[in-house]
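Accompanying notes for the structure given below.
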Amino acid sequence: MGLFTRVKDLVQANVMDLVNKSENPEKMLNLYIEQATDEVRNFQIQVNRAVADKIQLEERIVTLSKEIAQRTEQAGLAVQQGKDDLARTALTLKKQAETSVTDFQTQLADQTTAVEDLKENLRILTEKLEKAKSERNNLVMRQRRAETMKKANDTISGMSKMDPMGNIDRMEDRVERMEAEAKASKTMMSTGNSLDDQFAELKKGQADSEVEDELAKLKAQLKKEE
């Protein structure tokens, strides 16, 4: 009976506590069920032996009843033939058989009661075993579900500590900075080209002015020569 109590206690235990222990709940339950099954099997053997003893008592009573009838017949035949000593022997054996029958009948009554009690106990044990198997299966499913939830929670907890969004935000800042630097570089290039162009325009204007001056001088000289 102790194994069934241990199975019941284990079924009523907190599932998460079992999962957190180093022991394997499913392995423990399977071991308990295996041991309980062996107990029921051994108890079945005891019941079978008790039934066999009952049958043996019944067979002895039948055999002795036949012997009583036979000794009675023998005693009557011996008396008819005037053999009193032989009749006394037959009657003595008959008396012994009757005494044995009475004893066996008492034993049979006790054995019948014992067999009925054993069968009832076997029925109760078998029902408890089947219930324990069902509860074992239910607890194993709860254990597996709890393990899955625990792993999922651990994963989520790990992701929270890792803060992937924080990493993404930092990468976004870096990208924005690179974009800003690229724009600044482009502005500098644009500014540089504008200054060069302005200096080029100044040089070109100076050259044009010199040409105009020479042209004016040339015209003035030609007028003097006329």
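Residues in the sequence shown are numbered from 1 upward in steps of one, following full-length UniProt numbering. Don't be surprised by glycine CBs; every beta carbon is placed ideally from N, CA and C.
Can you grab the Cα-Cα spacing for the pair Ser209 / Lys217, in whole Å? By 1-based counting over the sequence shown, the position of residue 209 is 209. By 1-based counting over the sequence shown, the position of residue 217 is 217. Using only the alpha carbons, I get a separation of about 12 Å.
Straight-line Cα distance separating Leu108 from Leu93: On the sequence shown, residue 93 is found 93 positions in, with the first residue counted as 1. On the sequence shown, residue 108 is found 108 positions in, with the first residue counted as 1. For the pair Leu93 and Leu108, the Cα-to-Cα distance works out to about 22 Å.
Backbone secondary structure at Lys83 - three-state DSSP: As a working mapping, residue 83 is identified with position 83 in the sequence shown. In the three-state scheme derived from DSSP, where H, G and I count as helix and E and B as strand, Lys83 is classed as coil.
Cβ shell of Gln74 (< 6 Å), same chain only, five flanking positions each side left out: The count along the sequence shown starts at 1 and reaches residue 74 at position 74. Cβ within range, chain order: Ala90.
To the nearest angstrom, report how far apart Asn30 and Arg136 are at their CA atoms. The residue you call residue 30 lines up with position 30 of the sequence shown. The residue you call residue 136 lines up with position 136 of the sequence shown. C-alpha separation (whole angstroms): 8 Å.
Using the Cα positions of Glu26 and Thr112, report the straight-line distance between them to the nearest angstrom. In the sequence shown, the residue the question calls residue 26 occupies position 26. In the sequence shown, the residue the question calls residue 112 occupies position 112. Going by C-alpha positions, Glu26 is about 41 Å away from Thr112.
Just mark Leu57 as buried or exposed, buried being the case when its beta carbon has 16 or more other beta carbons within 10 Å. By one-based count along the sequence shown, residue 57 stands at place 57. Around the beta carbon of Leu57, a 10 Å sphere encloses 16 or more other beta carbons of the protein chains shown; the residue is thus reported as buried.
Among Val140, Leu122 and Asp103, the one whose alpha carbon lies nearest that of residue 231: Residue 231 falls outside the range modelled here, since the chain spans only 1 to 226, and no answer is possible.
Counting only the same chain and skipping the five closest in sequence on each side, list residues whose C-beta sits under 6 Å from that of Val62. Looking up residue 62 in the sequence shown gives position 62. None.
How would you call Leu139, buried or exposed, if buried means at least 16 neighbouring beta carbons within 10 angstroms? The residue given as residue 139 occupies position 139 in the sequence shown. Counting Cβ neighbours within 10 Å, Leu139 comes out buried, since at least 16 surround it.
How many Å lie between Glu116 and Val51 at the Cα? The residue given as residue 116 occupies position 116 in the sequence shown. The residue given as residue 51 occupies position 51 in the sequence shown. Distance between Glu116 and Val51, taken at the CA atoms: about 9 Å.
Express the C-alpha separation of Glu120 and Val47 in angstroms, rounding to a whole number. Residue 47 sits at position 47 when you count from the first residue of the sequence shown. Residue 120 sits at position 120 when you count from the first residue of the sequence shown. Roughly 10 Å between the two C-alpha positions.
Taking buried to mean at least 16 other C-beta atoms within 10 Å of its own C-beta, is Val101 buried or exposed? Residue numbering aside, residue 101 sits at position 101 when the sequence shown is read from its first letter. With a 10 Å radius around the Cβ and a threshold of 16 neighbouring Cβ atoms, Val101 comes out buried.
Glu67 vs Ala97 beta-carbon contact at 9 Å: Indexing the sequence shown from 1 puts residue 67 at position 67. Indexing the sequence shown from 1 puts residue 97 at position 97. Contact flag set, yes.
Within the segment 34–108, ranges of the beta strand (DSSP E) (whole runs, at least 3 residues): Entirely contained in the segment 34–108, not one beta strand (DSSP E) run reaches 3 residues.
Could you tell me if Ala87 is buried or exposed, where buried requires 16 or more neighbouring beta carbons within 10 angstroms of its beta carbon? By one-based count along the sequence shown, residue 87 stands at place 87. In this structure Ala87 is buried. Its beta-carbon is surrounded by 16 or more other beta-carbon atoms within 10 angstroms.
What is the rounded straight-line gap between the Cα of Leu222 and the Cα of Lys183? Translated into positions along the sequence shown, residue 222 becomes position 222. Translated into positions along the sequence shown, residue 183 becomes position 183. Rounded to whole angstroms, Leu222 to Lys183 spans 59 Å at the Cα level.
If contacts are defined as beta-carbon pairs under 8 Å, then Ile33 and Ala146 qualify, I think. What distance do you get, rounded to the angstrom? For the purposes of this step, residue 33 is identified with residue 33 of the sequence shown, where counting begins at 1. For the purposes of this step, residue 146 is identified with residue 146 of the sequence shown, where counting begins at 1. The beta-carbon distance between Ile33 and Ala146, rounded to whole angstroms, is 20 Å. This is too long to meet the 8 Å contact definition.
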